[in-house]
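Asks: Pasting a structure here, questions to come.
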Amino acid sequence: MANKVKRFISIIQHKLFLVVFVGLLMASVKGDCTETFYDEVLSLTPPFEMRLKKTGPIRLAGLLYEADTTALEKLVQKGMRIKVQLVSNKPDRYGRKAAHVYLKDGRWIQGELVRQGHATPFPYPGEHALIRDLYLLETPISQSALKDDIKIDQFGIIEGMVVDVAEIKGKTYLNFGSNWRDDFTIKIDKVSLKKFRAFGFDLPTLKGHRLRIRGWVFFQNGPMIAPQHPNQIEVIKE
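Residues in the sequence shown are numbered consecutively from 1, following full-length UniProt numbering.
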């Protein structure tokens, strides 16, 4: 009888463990997944904002800027029902939630704006998931890494071949010219380096490869970009 009781208690404990484990797993999955639903457009604020009936203000995720501020209005109109995929439920400091938006016919708003040349993709923190899909739709206007007139203190898309990779005091430098003191360089700090490794980037092996990087250019022994995420870099296969 005692053995039966022990066995019964063991079964109950096992079932309780499974319930708790599954509950925790579901909670984790729910937190990691984006929420998808339909909503109605109340108003547009070009280039990339709109107010929805249920959701409130949203911002089109993964887009940096737009050359034609009327492009959004050509795709979306007030009263239109759209499919919304939230990147996060947490609004930014302006009260907007980042989202991907799809029209009734299935067209992806971000994809259309990029394909038509009205927007530049950029992987803001937390908005990396579909960024490489946007890259495939883009016809980027890149600057050569060897040019002398790369503009400082502004966003740039730079392309060139890595001629050397150096690690100094925990930081990794990808050099694009023969003189690291004044040529274009990519700098990856310790924190970002962990992301690159987790992403599968073996930085020393990038020597001899052609890269395209996007980000804000600053001056440090020549023009430099310090990417925060691997999705800022594309390996160009020729």
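Even glycine gets a Cβ: it sits at the ideal position worked out from N, Cα and C.
Compare the C-alpha of Gly79 against each of Phe219, Pro140, Asp183 and Asp39 and name the closest.
Replies: For Gly79, the nearest C-alpha among the options comes from Asp39.
Asks: In the DSSP assignment, find the unbroken beta strand (DSSP E) run with Ile82 in it and report its ends.
Replies: Element bounds for Ile82: Arg81 to Leu86.
Asks: Does the distance from the C-beta atom of Ile141 to that of Asn231 stay below 8 Å?
Replies: Cβ distance not < 8 Å, so Ile141 and Asn231 don't count as in contact.
Asks: Which residues does DSSP pair with Ile158 in a beta bridge?
Replies: BP columns for Ile158 point to Gln143 and Ile213.
Asks: For Lys190 versus Met224, is the C-beta spacing smaller than 8 Å?
Replies: It is not a contact, given that the beta carbons lie outside the stated cut-off.
Asks: Measuring only the C-alpha atoms, how far is Lys83 from Tyr102?
Replies: Cα-Cα distance, rounded: 5 Å.
Asks: Give a yes or no on whether the C-beta atoms belonging to Leu113 and Leu63 are separated by under 8 Å.
Replies: Yes.
Asks: Mind checking whether Thr69 and Pro91 have CB atoms under 8 Å apart?
Replies: Taking 8 Å as the Cβ cut-off, Thr69 and Pro91 do not qualify as a contacting pair.
Asks: Which class does Val29 belong to by DSSP, given the choice of helix, strand or coil?
Replies: The predicted model places Val29 with a pLDDT of 28, which falls under 50 and marks its position as unreliable; any figure quoted below should be read in that light. It is helical.
Asks: What number of angstroms, rounded off, separates the C-alpha of Gly23 from the C-alpha of Lys195?
Replies: Bear in mind that a pLDDT of 33 at Gly23, under 50, signals an unreliable position, so the number given afterwards is only what the model happens to contain. Taking the straight line from one Cα to the other gives about 29 Å.
Asks: Can you tell me whether Arg81 is buried or exposed, with buried defined as 16 or more other CB within 10 angstroms of its CB?
Replies: Looking at its Cβ environment, which holds fewer than 16 other Cβ atoms inside 10 Å, Arg81 is exposed.
Asks: Can you pull the DSSP bridge partners for Thr36?
Replies: Gln85.
Asks: Below 8 Å, can you find three or more Cβ-Cβ pairs linking the region 166 to 177 to the region 149 to 156?
Replies: With the cut-off at 8 Å, the region 166 to 177 and the region 149 to 156 do not touch.
Asks: Between which residues of its own chain and Val235 is the CB-CB distance below 7 Å, once the five residues before and five after are set aside?
Replies: So the list reads His209 and Leu211, once near-sequence residues are dropped.
Asks: Between Trp108 and the rest of its own chain, which residues show a CB-CB distance below 6 Å, the 5 nearest in sequence each way excluded?
Replies: Answer for Trp108: Tyr102, listed in chain order.
Asks: In the DSSP assignment, find the alpha helix (DSSP H) that holds Ile131 and state where it starts and stops.
Replies: Ile131 to Leu137 is the extent of the alpha helix (DSSP H) around Ile131.
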